[in-house]
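Below is one structure, written out as structure tokens; the observations come after it.
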Amino acid sequence: MTWFKRQSGDLEPSGEKKVRTEGLWVKCEDCRQIIWKKDLDANLNVCPKCQHHFRVDARTRLAQLLDDGEYTTDDLKLASTDPLKFTDLKKYSDRLTKTRKDTGLKDAIVNARGKLNGQPVIVSSMEYAFIGGSMGSVVGEAITRAVERATDLRIPLLIVSASGGARMMEGVISLMQLAKISAALARMDDARVPYISILTDPTTGGTTASFAMLGDLNIAEPGALIGFAGPRVIEQTIRQKLPGGFQRSEFLLEHGMLDAVVHRKDLKNYIARALEFMMPN
Amino acid sequence: MDSAEQSKRELEDIERQVRHLEKAAGENQDARRQLQTLQEQIEALRRQVTTHLGPWQRTELARHPQRPYTLDYIERIFADWSEIHGDRGFSDDPAIVCGMAKFHGEDVAVIGTQKGRDAKQRVYRNFGMPNPEGYRKALRVMRIAEKFRRPIFTLVDTPGAYPGLGAEERGQAEAIAHNLREMARLRVPIVATITGEGGSGGALAIAVADRVLMMENSIYSVISPEGCASIMWRDASKRELAAAAMKITAEDLSQFRLVDEVVPEPPGGAQNDWDAAARMLDERLQANLAQLKAKSPEELAAQRYDKFRGIAQAFTE
Ligand SMILES: [Zn+2]
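Those sequence lines, one after another, are chains A and B. Just so you know, we're using the numbering used here here: the first sequence kicks off at 195 and counts up by one. Just so you know, we're using the numbering used here here: the second sequence kicks off at 2 and counts up by one.
Set out below in structure tokens:
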């Protein structure tokens with residue numbers, strides 16, 4: 195929660211001059227400084243003071259990447275059938291209902307078409323706010339369709355990952371999405387249609403262990419958590435504290451696992467440059 | 002107490018009597034006859050126990066310390082086993098074994114995760130949890146098989162890919178992802194069998210196959226029951242609930258058509274009779290390979306694509 199919200203709450207009993215300041219300010223998660231929300235938005239949700247990259251939702255991402263913020267969407271009606279009738283402390287079906295209401299999406303993905311510096315592109319943008327961006331049958335199907343569409347139309351594909359991995363509540367059905375998407379990517383690779391994977395904070399588990407690592411180029415935003423196993427699981431396994439910066443973009447770059455770490459403001463141009471290299475003149 | 006639990010108790014009781022009798026019987030014909038009767042009862046009870054097992058009990062069987070492991074199956078099903086080591090980049094991962102072998106006279110590649118039997122071996126095999134090098138070695142050997150048109154068998158029994166520091170540094174996720182994509186387009190028959198634990202992406206990384214079989218008492222899951230319990234119930238001891246909720250048994254996955262076939266095991270489970278378990282698996286491997294060999298490389302690749310394209314569809318639109 196924002197720092198200012200609490201402050202304004204404290205002031206409320208006075209009852210006068212109730213200025214609605216809530217949401218106008220945010221505190222940077224990294225440098226802890228207070229930033230005007232407007233400044234943050236104008237700066238692509240990157241902290242103007244320390245360059246910390248805030249998470250952005252799927253549709254903001256599309257608007258930031260695509261020319262004039264314009265795009266059309268596909269496959270938005272896909273909805274999970276809760277195949278396992280899964281229940282833990284809550285029913286999965288209730289979780290779905292709530293998170294659909296909160297996000298205005300049926301699942302953790304938005305497929306879109308638009309232009310990037312004039313070049314037509316197909317984009318799959320993941321929504322982390324939807325059950326941690328987890329991948330079940332809907333995300334798997336949507337991404338597979340995006341891959342197939344891009345392959346058929348010979349339009350470059352961008353997938354923006356923000357995901358904790360496979361969705362537990364759909365069990366092995368979720369796991370099989372890894373194979374499904376990867377198989378579609380094999381065909382896309384055979385067809386020599388470009389695919390650029392953009393890894394954002396966080397990208398872990400089955401998402402990293404499938405399409406996120408299978409781009410012709412795999413690029414990441416600065417400071418993103420990227421890995422296979424989660425940091426807590428690793429700490430429990432090896433029984434020691436992890437070094438600072440472990441599993442962050444820069445760490446992966448240093449270990450040869452990424453093609454580039456690109457600041458959000460440079461992302462469009464980097465991709466455009468790459469697509470120019472990959473597309474026939 | 003449910004009927005399975007009751008049968009299990011009865012079984013343990015009779016097994017105790019048998020051990021006692023075996024010692025005492027010697028050449029006594031009467032005792033021998035009694036022994037015979039008791040052994041028949043054991044078989045029947047074992048059958049009863051396994052047909053009524055719940056998901057957690059299956060999990061325990063899948064992890065049974067006396068269950069046959071990959072090299073035990075290889076020894077019984079294949080001949081002329083000749084191991085191939087190393088990923089050519091970093092090391093040789095003992096958690097995955099790869100090699101050339103004869104399968105009823107035919108040259109094939111065999112790849113499998115390997116668990117250790119005693120304390121020392123378990124550590125050496127890293128409890129069957131591969132590092133990236135293991136997956137890269139596996140793919141390297143699959144490519145050799147493809148080049149020389151040899152079918153591939155994989156045997157999967159792993160808690161999962163190793164969640165370690167070095168594994169992350171060396172690209173565990175990339176290694177798995179790479180295998181998924183490349184296995185999808187290999188041009189030779191691939192038959193994968195989940196023999197024990199099918200631990201998530203670490204299992205799938207060698208199981209993108211034309212046919213995916215599961216042994217009767219194996220499990221296949223997106224996360225371990227313990228892992229699921231600690232995340233969703235915030236309590237790892239709720240693993241039995243998690244095992245049931247995730248639908249991880251061979252029977253469940255077969256019903257969801259996520260695997261092609263369930264391979265029966267000897268009464269009570271593969272741990273009771275390795276030879277019989279191997280024979281039963283061998284028979285299904287032969288049948289499946291025969292069907293796949295009738296197809297051209299193009300057909301194989303196309304049908305494998307359709308298979309993974311078409312499974313696990315659980316959505317409306
Ligand atoms: Zn900051």
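Glycine included, every Cβ here is placed at the ideal spot set by N, Cα and C. Only a predicted model underlies this, so the values are computations on that prediction, with no experimental measurement involved.
When we look at the beta-carbon of Ile228 of chain A and count the other beta-carbons within 10 Å, is it buried (16 or more) or exposed?
Indexing the first sequence from 1 puts residue 228 of chain A at position 34. Flag for Ile228 of chain A reads exposed.
With C-beta atoms as the reference, is Leu352 of chain A less than 7 Å away from Val304 of chain A?
The count along the first sequence starts at 1 and reaches residue 352 of chain A at position 158. The count along the first sequence starts at 1 and reaches residue 304 of chain A at position 110. Their beta carbons are not under 7 Å apart, which means Leu352 of chain A does not touch Val304 of chain A by this criterion.
Going along the chain, which unbroken runs of the alpha helix (DSSP H) with 4 or more residues stay wholly within the segment 199-266 of chain B?
201-205, 226-229, 240-247 and 251-256
What residues does ligand 1 have around it, judged by CB closer than 5 Å to any heavy atom, in chain order?
A:Cys222, A:Asp224, A:Cys225, A:Cys241, A:Lys243, A:Cys244 and A:His246
Give me the subset of the segment 338-355 of chain A whose CB atoms are less than 8 Å from a CB atom of chain B, sorted by chain position.
Along the segment 338-355 of chain A, going in chain order, the ones with a CB nearer than 8 Å to a CB of chain B are Thr338.
What does DSSP give as the partner residues of Arg307 of chain A in its beta bridges?
Position 113 of the first sequence, counted from the first residue, corresponds to residue 307 of chain A. Answer is A:Thr266 and A:Ile316, bridged to Arg307 of chain A.
Hey, is the segment 342-351 of chain A in contact with the segment 225-233 of chain B, meaning 3+ C-beta pairs nearer than 8 Å?
no
Would you tell me roughly how many angstroms separate the C-alpha atoms of Ile15 of chain B and Asn29 of chain B, rounded to the nearest one?
The residue you call residue 15 of chain B lines up with position 14 of the second sequence. The residue you call residue 29 of chain B lines up with position 28 of the second sequence. Looking at the two C-alpha atoms, the distance is approximately 19 Å.
What are the start and end residues of the alpha helix (DSSP H) that includes Thr38 of chain B?
Counting from 1 along the second sequence, the entry for residue 38 of chain B is found at position 37. Where Thr38 of chain B is concerned, the enclosing alpha helix (DSSP H) stretches over Gln30 to Thr52.
To the nearest angstrom, how far is it from the Cα of Arg249 of chain A to the Cα of Asp108 of chain B?
On the first sequence, position 55 is the one that residue 249 of chain A refers to. On the second sequence, position 107 is the one that residue 108 of chain B refers to. About 52 Å.
Establish whether the CB of Pro160 of chain B and some CB of chain A are separated by less than 7 Å.
Counting from 1 along the second sequence, the entry for residue 160 of chain B is found at position 159. Chain A, which has no Cβ nearer than 7 Å to the Cβ of Pro160 of chain B, makes this no.
So which residues on chain A does Val142 of chain B lean against when the C-beta distance must stay under 8 Å?
As a working note, residue 142 of chain B is residue 141 in the second sequence. Correct list: empty, because the minimum Cβ distance to chain A is about 19 Å.
What's the gap between the Cα of Asp346 of chain A and the Cα of Asp119 of chain B?
Along the first sequence, read from residue 1 onward, the residue named residue 346 of chain A stands at position 152. Along the second sequence, read from residue 1 onward, the residue named residue 119 of chain B stands at position 118. Asp346 of chain A and Asp119 of chain B have their C-alpha atoms spaced approximately 53 Å apart.
To the nearest angstrom, how far is the alpha carbon of Asp283 of chain B from that of Ser201 of chain B?
In the second sequence, the residue the question calls residue 283 of chain B occupies position 282. In the second sequence, the residue the question calls residue 201 of chain B occupies position 200. The alpha-carbon atoms of Asp283 of chain B and Ser201 of chain B are separated by roughly 25 Å.
With DSSP as the reference, please indicate the residues paired to Arg442 of chain A in a beta bridge.
Start at 1 with the first residue of the first sequence, and residue 442 of chain A comes out as number 248. Answer is A:Leu419.
Is Ser273 of chain A helix, strand or coil when you go by DSSP?
Working through the first sequence from its first residue, we reach residue 273 of chain A at position 79. Contrary to the premise, residue 273 of chain A reads as Ala rather than Ser in this sequence. Note: Ala273 of chain A maps to strand in three-state DSSP.
Distance check for Lys148 of chain B and Lys103 of chain B, CA to CA, integer angstroms please.
As a working note, residue 103 of chain B is residue 102 in the second sequence. As a working note, residue 148 of chain B is residue 147 in the second sequence. Roughly 17 Å separates the two Cα atoms.
Given that a residue counts as buried once 16 or more other Cβ atoms are within 10 Å of its Cβ, and exposed if not, what is Gln37 of chain B?
Locating residue 37 of chain B in the second sequence gives position 36, counting from the first residue. Result: exposed.
If we call anything under 7 Å between Cβ atoms a contact, is Ile337 of chain A one with Ile392 of chain A?
Translated into the one-based positions of the first sequence, residue 337 of chain A becomes position 143. Translated into the one-based positions of the first sequence, residue 392 of chain A becomes position 198. Cβ distance not < 7 Å, so Ile337 of chain A and Ile392 of chain A don't count as in contact.
If you run the structure through DSSP and keep just helix, strand and coil, what is Ile312 of chain B?
Within the second sequence, the letter at position 311 stands for residue 312 of chain B. Coil at Ile312 of chain B, not helix or strand.
Whole-angstrom Cβ separation of Met216 of chain B and Ala245 of chain B, contact assumed at under 8 Å?
The sequence position of residue 216 of chain B within the second sequence is 215, counting from 1. The sequence position of residue 245 of chain B within the second sequence is 244, counting from 1. Not a contact, Cβ separation roughly 20 Å.
Mind checking the segment 170-186 of chain B against chain E and listing, in chain order, the residues whose C-beta falls within less than 8 Å of any C-beta there?
No chain E appears in the structure shown, which is made up of the protein chains A and B.
Check the Cβ of Pro396 of chain A against every Cβ in chain B and list those closer than 9 Å, keeping chain order.
For the purposes of this step, residue 396 of chain A is taken as the residue at position 202 of the first sequence. Per Cβ cutoff of 9 Å: no residues; Pro396 of chain A is ~12 Å from chain B at best.
What does Asn477 of chain A pair with, by DSSP beta-bridge criteria?
Lying before the first or after the last residue shown, residue 477 of chain A is absent from chain A, which here runs from 195 to 475.
Within 7 Å (strictly less), CB to CB, does Glu206 of chain A reach chain B?
On the first sequence, residue 206 of chain A is found 12 positions in, with the first residue counted as 1. The predicted model places Glu206 of chain A with a pLDDT of 37, which falls under 50 and marks its position as unreliable; any figure quoted below should be read in that light. No, Glu206 of chain A lies away from the interface with chain B (no Cβ there is under 7 Å from its Cβ).
Is there contact between the segment 321-330 of chain A and the segment 235-252 of chain A, where contact requires at least three CB pairs shorter than 8 Å?
yes
Go ahead and label Phe471 of chain A buried or exposed: buried means 16 or more other beta carbons lie within 10 angstroms of its beta carbon, across all protein chains shown.
The count along the first sequence starts at 1 and reaches residue 471 of chain A at position 277. Exposed: under 16 other Cβ atoms inside 10 Å.
Select from B:Gly90, B:Glu23 and B:His86 the residue whose C-alpha is nearest the C-alpha of Cys99 of chain B.
Taking the second sequence and counting its residues from 1, one reaches residue 99 of chain B at position 98. Comparing Cα positions, the closest option is B:His86.
Is Ile428 of chain A near ligand 2, in the sense that its beta carbon is under 6 Å from a heavy atom of that ligand?
In the structure shown, ligand 2 is absent; the only ligands present are ligand 1.
Starting from Gly165 of chain B, find everything on chain A with Cβ-Cβ shorter than 9 Å and list it in chain order.
Locating residue 165 of chain B in the second sequence gives position 164, where the first residue counts as 1. Within 9 Å Cβ-Cβ: Ala423, Ile428, Thr431 and Ile432.
How about Pro267 of chain B and Asn273 of chain B: do their beta carbons lie closer than 7 Å?
Sequence index remark: in the second sequence, residue 267 of chain B carries index 266 (1-based). Sequence index remark: in the second sequence, residue 273 of chain B carries index 272 (1-based). Yes, Cβ-Cβ distance for Pro267 of chain B and Asn273 of chain B is below 7 Å.
Does DSSP classify Tyr306 of chain B as helix, strand or coil?
Along the second sequence, one-based indexing puts residue 306 of chain B at 305. Three-state DSSP puts Tyr306 of chain B in a helix.
At the 7 Å Cβ level, is Phe163 of chain A part of the contact set with chain B, yes or no?
Here chain A comprises residues numbered 195 to 475, so residue 163 of chain A is not present and cannot be evaluated.
Buried or exposed for Pro207 of chain A, going by 16 or more other Cβ atoms inside 10 Å?
The sequence position of residue 207 of chain A within the first sequence is 13, counting from 1. For Pro207 of chain A, the predicted model reports a pLDDT of 38, less than 50, meaning its position is unreliable; a value from the coordinates is still stated below. It is exposed - the Cβ of Pro207 of chain A has fewer than 16 other Cβ atoms within 10 Å.
Decide if Arg458 of chain A is buried, meaning its Cβ has at least 16 other Cβ atoms within 10 Å, or exposed.
By 1-based counting over the first sequence, the position of residue 458 of chain A is 264. The residue is buried, with at least 16 neighbouring Cβ atoms inside 10 Å.
Answer with yes or no whether the minimum CB distance from Gly439 of chain A to chain B is below 7 Å.
The residue you call residue 439 of chain A lines up with position 245 of the first sequence. So no, Gly439 of chain A is outside the interface.
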